[in-house]
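Asks: Chains A and B supply the protein sequences, listed in that same order.
In terms of this note's numbering, the first sequence is residues 11 to 122.
In terms of this note's numbering, the second sequence is residues 88 to 203.
We treat Cβ as the ideally placed atom computed from N, Cα and C, and that holds for glycine.
Would you mind keeping the following structure in view while I ask a few things?
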Amino acid sequence: NAGVTQTPKFQVLKTGQSMTLQCAQDMNHNSMYWYRQDPGMGLRLIYYSASEGTTDKGEVPNGYNVSRLNKREFSLRLESAAPSQTSVYFCASSEQGSSPLHFGNGTRLTVT
Amino acid sequence: AQKVTQAQTEISVVEKEDVTLDCVYETRDTTYYLFWYKQPPSGELVFLIRRNSFDEQNEISGRYSWNFQKSTSSFNFTITASQVVDSAVYFCALSEWAGANSKLTFGKGITLSVRP
């Protein structure tokens, strides 16, 4: 099993460009999450989806949108990238809330 | 609101030393879960342990042990006889029970360096 797959692994954007980070899980998990990791800040929740068809804001949602396309896929979109969005983005999934998270390998995004 | 504090930011030890990573949490809920994750230099996040708030028994897994004390709101992690492969960033996390809407809040992480 692949677990949680994120694409791309690396991306460089210019300020104002848009892009979508893709995430898919093959564990039939109900819940999916997007976190960002910045030096000294730990992991901060951007958006999550408790189940197919629902999405909710996390701690740092500004500048992002998400789509839970189906049970497997949860994408994160940056409509107009800003340098403050330079970060490592992790997608994760879990069977249900409070179950252990299974993480993807991350996407390193640089916005210049 | 739930909060996790990892006051230690960086720890450096020599191989075979024991090391304890501290985690203090805040929550108003009586039902919650505590986690530890490891992030080695390769960058992936690896789940280590989950405890629920009703189970204060200490846990031991090989060289790893965890001490959960509700009286001090702490969930500390000890590595015995550390090895170079233990070098990583370690995150403590808390999830208050909210059914399907439960979500993890992470501490800022502790960077552990184990020198040969």
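I'd like the list of long-range same chain contacts for A/Val70, defined as Cβ closer than 8 Å, with 5 residues on each side in sequence excluded.
Replies: Arg46, Arg54, Leu55, Ile56
Asks: Ignoring anything shorter than 3 residues or poking outside the region 128 to 158 of chain B, list the beta strand (DSSP E) runs there in chain order.
Replies: The qualifying runs are 133 to 139, 146 to 148, 151 to 156.
Asks: Given that a residue counts as buried once 16 or more other Cβ atoms are within 10 Å of its Cβ, and exposed if not, what is A/Ala31?
Replies: As written in the sequence, residue 31 of chain A is Leu, which differs from the Ala given in the question. Label assigned to A/Leu31: buried.
Asks: Listed in chain order, which residues of the region 55 to 84 of chain A have Cβ atoms closer than 9 Å to some Cβ of chain B?
Replies: Leu55, Tyr58, Ala60, Ser61, Thr64, Asp66, Gly68, Glu69
Asks: Identify which residue in A/Pro93, A/Lys24, A/Trp44, A/Pro18 has its Cα closest to the Cα of A/Ser104.
Replies: A/Trp44
Asks: For A/Gly50, return the contacting residues in chain B, with the cut-off set at a CB-CB distance below 8 Å.
Replies: Per Cβ cutoff of 8 Å: Thr96, Lys195.
Asks: Between B/Asn188 and chain A, is any beta-carbon pair separated by less than 7 Å?
Replies: yes
Asks: Starting from A/Ser108, find everything on chain B with Cβ-Cβ shorter than 7 Å and list it in chain order.
Replies: Tyr120, Ser182, Trp184, Ser189
Asks: Does A/Asn38 have its Cβ less than 7 Å from a Cβ in chain B?
Replies: No, A/Asn38 does not count as interfacial toward chain B.
Asks: Leaving out five residues before and five after B/Ile98 in sequence, what residues of the same chain have Cβ atoms less than 8 Å from its Cβ?
Replies: Val106, Leu108, Ile197, Thr198, Leu199, Ser200
Asks: Pair every Cβ in the region 58 to 68 of chain A with every Cβ in the region 86 to 100 of chain A, then say whether three or more of these pairs are closer than 8 Å.
Replies: Cβ pair count under 8 Å is below three, so no.
Asks: So, using beta-carbon positions, are B/Cys110 and B/Phe162 closer together than 7 Å?
Replies: B/Cys110 places its beta carbon less than 7 Å from that of B/Phe162.
Asks: Under a Cβ-count criterion, where at least 16 other Cβ atoms within 10 Å of its own Cβ denotes burial, should A/Met51 be classed as buried or exposed?
Replies: Here A/Met51 is exposed: its Cβ has fewer than 16 other Cβ atoms, across all protein chains shown, within 10 Å.
Asks: Quick one, which of A/Asn115, A/Gly114, A/Gly107, A/Arg118 has its alpha-carbon nearest A/Ser61's?
Replies: A/Gly107
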